[in-house]
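Line by line, the protein sequences are chains A and B. For the first sequence, the residue numbers in the numbering used here are 560 to 918. For the second sequence, the residue numbers in the numbering used here are 5 to 310. Worksheet: one structure, shown below.
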Amino acid sequence: MEVELSNLSKKFGDVVGVEALDLDIHDGEFVAFLGPSGCGKTTTLLMMAGIYRPTTGTIRFGDRIVNQLQPRDRNIGMVFQSYALYPHMTVFGNITYPLKLKKVPRQEQQRRVEAAAETMGIAHLLDRRPAQLSGGQQQRVALGRALVKEPDILLFDEPLSNLDARLRLTMRGEIRSLQKRLGITAIYVTHDQVEALTMADRIAVMNLGRLQAFATPDDLYERPPTKFIAGFVGNPPMNFLDIEFAQENGTLQLRSESLELGLPPEFAAAAAAADGAVTFGIRPEDIILDDNGPVSGEVFVVEPLGRDDLLDIIVGTEHFLLLADPKRKSRAGDRVRLSFDMTRAHFFDPRSELALSWK
Amino acid sequence: MQANLTAYGFMAPAGLLVLLFFFLPVLIVLYLSLTNLASANFTSNLAEMEFIGLRNFQTLLNDQFAKKIFFNTIFYVMSTLALFNVTAALIVSLLTAHINRRAGFVFRALWILPRITTSTVYILIWRRMMAEAPFGIINQVNTALGWPTWNYGAENPWVFVILVNGFIGISFGMIIFTSAIESIPADLMNASLVDGSTYLQRIRHVTLPLLRWPLLFVVTYQSLSLLTSFEQILLLTDGGPGLYRTEVWALTAFHRALSNYFGNTQWGYGSAFAVVLVIIGVILAVVYMRVFRFDELVAEPRIEVL
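Following this line, the structure appears as structure tokens:
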């Protein structure tokens with residue numbers, strides 16, 4: 560089912576939760592709402608669920624405007640961060656609850672609960688109570704309860720945040736493949752960019768109640784439209800530096816207090832026209848330790864991540880994060896030389912923080 | 005040893021208070037109940053007080069009104085508890101939890117008024133309400149509406165005794181239930197709506213089952229406190245009208261020991277009534293603890309879901 564949000568706002572008194580949100584979600588699409596705490600993503604989800612009433616704007620499911628509909632009339636399934644299982648009911652009682660309220664015949668209830676439990680791999684747990692289950696099992700029950708009534712739309716509110724890292728990884732794949740198989744439109748709220756990047760067809764990035772971008776994961780990573788997104792998407796985060804351009808010997812140079820780099824020709828025309836300061840961004844993987852590199856620096860901190868070492872390197876007064884092969888056995892205080900892959904450079908207007916699309 | 009001394013040092017003030025103002029009086033009352041101390045035989049020489057064993061209790065058993073007072077007490081405690089302290093308190097908390105937050109707060113604050121009003125003032129208000137025509141406010145309303153007037157104090161004393169105490173009793177349960185309802189995680193309440201319940205179905209299937217422990221606590225605490233309460237009845241009907249119509253056990257203990265007719269107070273006999281009440285209270289408390297498994301109640305919060 561398609562979902563259309565238009566000019567959607569929610570104010571709590573004077574506090575703006577969500578402001579003028581426009582979004583079209585396709586049938587069967589998996590959309591992630593990504594943003595830091597308090598950005599309005601959960602508020603948006605709760606408006607879609609019918610828990611909050613929008614201050615302005617409309618929410619459309621298919622060809623129905625649902626603003627005035629109670630949650631029970633929206634045919635949605637929802638999974639919560641805290642699982643929100645009813646502690647006084649068994650697993651069977653929890654999953655069958657939506658069917659009981661819909662007055663589905665008893666035999667069909669039984670059949671559908673068993674089918675949902677089978678799908679989620681919890682058929683052997685039906686007699687237990689939530690307190691007797693592990694976090695992962697509880698989350699499966701919650702998912703079963705959301706699926707059992709065959710909803711048009713699945714809403715997820717940070718469903719994996721309370722699980723341990725390993726379980727999160729498996730559940731990520733499971734939720735994704737389940738959603739594709741059933742073809743249910745899914746809206747998934749998370750502050751974890753890895754979840755958004757790996758699961759979603761498209762990501763809606765929000766900050767301070769406003770939609771920053773709505774694009775595919777690739778687009779967001781390769782061509783971040785704002786400095787906020789460039790810094791928020793990608794881990795470790797992008798390096799930022801305030802720079803100016805200068806002509807020298809007929810070639811264009813990028814200059815900061817402690818750094819001077821040549822620019823590839825494709826940037827030249829636009830950069831030459833740039834007036835004053837610009838924010839330069841480069842991802843950690845695009846800075847390479849290179850003994851013949853043009854920039855020299857000193858290792859400040861080494862964080863071993865297993866597959867890579869995350870190095871914090873000081874160049875003059877600037878810090879850069881980059882990834883290095885652990886086999887180099889980098890240590891704090893090492894003198895290193897760096898080369899920058901300037902074809903992968905990003906530039907932002909320091910005032911509007913919008914990307915300068917110069918390529 | 006040093007640590008123990010510090011601990012005892014800190015506990016001493018509270019321990020001393022309990023000892024001085026609870027255990028010591030209980031012991032004195034227990035002793036008094038075994039004596040014939042009364043204003044009739046009171047002299048300045050306390051040593052003349054006679055120890056009479058269990059004779060006071062024997063008198064009590066043969067007292068022609070003791071049975072009536074006993075069943076009065078059961079009727080009073082059960083009706084007030086069932087109608088007001090539990091049911092009405094639950095209704096008030098559920099209603100105020102489902103309306104605008106600030107409005108809910110205002111209504112709950114109003115319900116606390118009966119408890120914080122000085123009891124003499126509070127009872128004066130009620131007596132003015134229920135007074136005979138043409139003085140009573142209810143009767144004035146009746147007259148204005150063309151309905152017959154009624155002598156409420158004489159005809160329906162129990163209705164007013166229970167109303168007066170019930171209105172005070174609501175606030176306790178209301179506070180406990182409201183805080184319990186508010187501590188149910190928002191996710192759980194939202195999940196129930198998304199799963200398809202109406203607000204009433206949510207109360208029935210989710211809220212009430214999660215209030216089981218607060219409910220048991222309020223039943224226990226309030227039945228014990230109703231059992232020993234008497235000041236409102238004293239001020240409203242003084243146990244009347246007529247012979248012991250609304251007299252309850254705790255009030256009898258007071259009447260006999262401290263406020264008998266013509267100053268003829270029977271401290272020993274009144275103490276016997278009080279001792280019976282203490283024994284019933286202790287037995288009830290133990291039964292409640294067993295039946296409701298209070299050790300589990302205090303062990304961990306029952307509303308926590310995670």
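Backbone N, C-alpha and C fix where the C-beta goes; we use that ideal spot for every residue, glycine too.
| said: If I follow the unbroken alpha helix (DSSP H) through residue 226 of chain B, where does it start and stop? | reply: Counting along the chain, the alpha helix (DSSP H) containing residue 226 of chain B begins and ends at 216-231.
| Can a CB atom of chain B be found closer than 8 Å to the CB of residue 747 of chain A? | no
| request: Note the first and the last residue of the continuous beta strand (DSSP E) segment covering residue 806 of chain A. | output: 798-807
| query | What residues in its chain sit with their C-beta under 7 Å from that of residue 657 of chain A, if we drop five residues either side in the sequence? | reply | 704, 707, 708
| Which value, in whole angstroms, describes the spacing of the CA atoms of residue 258 of chain B and residue 630 of chain A? | The straight-line gap from Cα to Cα measures roughly 58 Å.
| Counting only runs that start and end within the stretch 649-722 of chain A, where is the beta strand (DSSP E) found for 3 or more residues in a row? | 712-716
| query | If residue 800 of chain A sits next to residue 788 of chain A, beta carbons under 8 Å apart, how far is it from one beta carbon to the other, in whole angstroms? | reply | Going by Cβ atoms, the distance from residue 800 of chain A to residue 788 of chain A rounds to 17 Å, so no, they are not a contact pair.
| task | Below 7 Å between beta carbons is the criterion; list the residues of the stretch 174-191 of chain B that meet it against any residue of chain A, in chain order. | result | 189, 191
| task | Check whether the Cβ atoms of residue 198 of chain B and residue 635 of chain A lie closer than 8 Å to each other. | result | yes
| field | Chain-ordered neighbours of residue 661 of chain A on chain B, where CB pairs are closer than 7 Å | value | 200
| task | Keeping to the same chain, check which residues put their C-beta closer than 6 Å to that of residue 296 of chain B; ignore five residues upstream and five downstream. | result | 220
| request: Pull up the DSSP beta-bridge partners for residue 766 of chain A, would you. | output: A:769
| Under 8 Å between the Cβ atoms of residue 760 of chain A and residue 589 of chain A? | yes
| message | Please confirm whether residue 218 of chain B has its beta-carbon closer than 8 Å to some beta-carbon of chain A. | response | no
| message | What residue range does the beta strand (DSSP E) around residue 563 of chain A cover? | response | 562-571
| said: Please list, in chain order, the residues of the stretch 567-597 of chain A that have any C-beta partner in chain B closer than 8 Å. | reply: none
| query | Quick one: Cα of residue 81 of chain B to Cα of residue 227 of chain B, how far? | reply | Cα to Cα, the separation comes out at about 6 Å.
| message | Using a 10 Å radius around the Cβ and a threshold of 16 neighbouring Cβ atoms, would you call residue 699 of chain A buried or exposed? | response | buried
| said: Any C-beta of chain A within less than 9 Å: which residues of the stretch 242-276 of chain B qualify? | reply: none
| Is there a Cβ from chain A that is less than 8 Å from the Cβ of residue 2 of chain B? | This structure does not reach residue 2 of chain B, given that chain B is present from 5 up to 310, and the question cannot be answered.
| Near-chain B residues of the stretch 679-695 of chain A - C-beta to any C-beta below 8 Å | 689
| message | Restricting to Cα atoms, I'd like to know which of A:899, A:702, A:752 is closest to residue 882 of chain A. | response | A:899
| query | Ends of the beta strand (DSSP E) at residue 620 of chain A? | reply | 615-620
| query | Just the Cα atoms here: how many angstroms apart are residue 686 of chain A and residue 747 of chain A? | reply | 30 Å
| task | For the beta strand (DSSP E) containing residue 855 of chain A, list its first residue and its last residue. | result | 854-863
| So, is the C-beta of residue 643 of chain A closer than 8 Å to a C-beta in chain B? | With 8 Å as the cut-off, residue 643 of chain A counts as an interface residue toward chain B.
| message | For residue 138 of chain B and residue 129 of chain B, I'd like the C-alpha separation in whole angstroms. | response | 16 Å
| task | For residue 910 of chain A, name the three-state secondary structure that DSSP assigns. | result | coil
| field | chain A contact residues for residue 205 of chain B, given Cβ-Cβ distances below 8 Å | value | 660
| For residue 849 of chain A and residue 896 of chain A, the rounded distance between their alpha carbons | 6 Å
| request: Indicate whether the contact test is met: 3 or more Cβ pairs, each with one atom in the stretch 103-112 of chain B and one in the stretch 185-197 of chain B, closer than 8 Å. | output: no
| request: Would you please state the rounded distance, in angstroms, between the beta carbons of residue 561 of chain A and residue 585 of chain A? I believe it to be under 8 Å. | output: 6 Å
| Closest residue to residue 659 of chain A among B:225, B:254, B:202 (Cα-Cα distance) | B:202
| said: Is there a Cβ of chain E sitting closer than 8 Å to that of residue 194 of chain B, yes or no? | reply: The question asks about chain E, but that chain is absent: this structure's protein chains are A and B.
| task | Check whether the Cβ atoms of residue 873 of chain A and residue 862 of chain A lie closer than 8 Å to each other. | result | no
| query | By DSSP, does residue 285 of chain B sit in helix, in strand, or in coil? | reply | Reduced to three states, the DSSP call for residue 285 of chain B is helix.
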